[in-house]
Amino acid sequence: MSPASGKLTAATSGFALSAAVTVLFNTALAWAKDAYPPVNGFMQSLTGHHWTTHGAADLVLFAGLGLILTYTRAAQRIDPNRLIGALIGAVAIAALGLAVWFAFV
Amino acid sequence: MLHAGFGATGCLAAVWAFVETLNAQPGNAARIRAAALVTALSMAGAWICGGYWYVHFYPAEKTLILQGPWPFAHNLFMETKEHLFFLTAILAFLLPVAAREKTYSNSAARKLVLSVAALVAITGLAVEGAGAVIEHGAKVALLRGGSKGGR
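This is how it looks when you write it as structure tokens:
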């Protein structure tokens with residue numbers, strides 16, 4: 032695919048960057064829960080199940096960071112091609128990070 | 014299973030959004046947005062239904078799987094799946110936001126929608142496949158238990 036031209040709106044670029052950060056946070060939190068049981072226990076104590084807390088944390092981060100980046104227009108200053116590349120890279124690292132962790136650690 | 018149905022529908026809707034965006038023009042802009050919305054709503058449905066199952070009923074299935082011949086169905090596939098799904102869901106929620114752009118005249122927006130739709134379909138299918146392995150892990154545990162009981 033050739034390099035893209037055109038600009039993304041503040042909301043699109045903000046939520047795209049927020050998604051990239053959130054997927055990496057998601058994998059880091061999964062590692063932390065698995066490696067350090069007190070983290071798992073603390074998350075369980077918040078909602079009754081660690082997975083429920085994990086999902087809520089992801090949602091809050093995605094929505095909150097997305098809104099902040101939308102209003103500050105911070106992500107809009109990033110070249111769209113770099114932003115799309117960062118999102119794809121973040122998803123690949125996050126997904127492989129989960130599979131490799133649970134396969135070998 | 015309702016959550017698997019919602020997940021499959023979300024994957025199909027993401028492919029629909031991808032194909033519509035490949036041929037983006039003013040005439041199909043509404044369909045791109047509709048496909049993106051169906052993707053997000055389906056993944057939200059999969060999250061709610063799958064989450065209810067996972068929290069309330071999976072612990073018994075997990076015990077069964079870990080006692081059976083395929084403990085990796087939980088240790089690798091379920092552990093990965095339960096966290097990988099969040100990636101799929103977040104990307105599915107991003108898709109309607111990206112689809113609000115004029116994909117027919119803005120190549121950056123078109124590239125973003127194509128990328129996000131493809132990632133939703135790929136990670137969603139990986140989650141669906143992991144679900145099949147987990148169900149098989151429970152099945153072989155039950156079969157082994159049944160064959161022992163028959164002896």
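Here the protein sequences line up with chains A and B, keeping their order. Residue numbering for the first sequence follows this note's numbering, starting at 32 and increasing by one per position. Residue numbering for the second sequence follows this note's numbering, starting at 14 and increasing by one per position. Where a beta carbon is used, it is the ideal one built from N, C-alpha and C, also for glycine.
Among residues of its own chain, excluding the 5 on either side of residue i, which ones have a beta-carbon nearer than 6 Å to its beta-carbon?
i	result
arginine 104/A	Ala41
valine 54/A	Ala121, Val122, Ala125
threonine 84/A	Met74, Leu77, Thr78
alanine 112/B	Ile45, Arg46, Ala49, Val126
phenylalanine 106/B	Ala53
alanine 51/A	Ala117, Leu118, Ala121
Quick one: using the 10 Å Cβ neighbour count with 16 as the cut-off for buried, is residue i buried or exposed?
i	result
serine 44/A	buried
glycine 86/A	buried
isoleucine 115/A	buried
proline 69/A	exposed
valine 140/B	buried
tyrosine 71/B	buried
leucine 129/A	buried
glutamine 80/B	exposed
isoleucine 103/B	buried
phenylalanine 31/B	buried
serine 118/B	exposed
threonine 76/B	exposed
glycine 144/B	buried
proline 39/B	exposed
valine 110/B	buried
Identify, in the order they occur along the chain, each residue of the same chain with its Cβ nearer than 7 Å to the Cβ of residue i, setting aside the five sequence neighbours on each side.
i	result
asparagine 41/B	Glu33
arginine 44/B	Glu33
glycine 97/A	Gly45, Phe46, Ser49
valine 51/B	Ala26
histidine 81/A	Lys64, Asn71, Met74, Gln75
glutamate 74/B	Ala151
Let's see if you can read the secondary structure: which residues bound the alpha helix (DSSP H) around residue i?
i	result
asparagine 57/A	41-66
aspartate 89/A	81-103
tyrosine 65/B	42-69
proline 109/B	92-111
proline 111/A	111-135
threonine 22/B	15-35
Leaving aside the five residues before and after residue i along the sequence, list all residues of the same chain whose C-beta is less than 8 Å from its C-beta, in chain order.
i	result
threonine 116/B	Thr34, Ala37, Ala42, Ile45, Ala122, Arg123, Val126
arginine 113/A	none
tryptophan 66/B	Met14, His16
Which whole-angstrom value describes the C-beta separation of residue i and residue j, a residue pair presumed to lie in contact below a C-beta threshold of 8 Å?
i	j	result
alanine 131/B	cysteine 24/B	11 Å between Cβ atoms; not a contact.
phenylalanine 98/B	valine 146/B	Not quite, the Cβ-Cβ distance comes to about 14 Å (not below 8 Å), so this is no contact.
phenylalanine 19/B	alanine 59/B	4 Å
histidine 96/B	asparagine 57/A	6 Å
glycine 150/B	tryptophan 83/B	4 Å
leucine 118/A	serine 128/B	7 Å
leucine 60/A	glutamine 107/A	Rounded, the Cβ-Cβ distance is 28 Å, inconsistent with contact.
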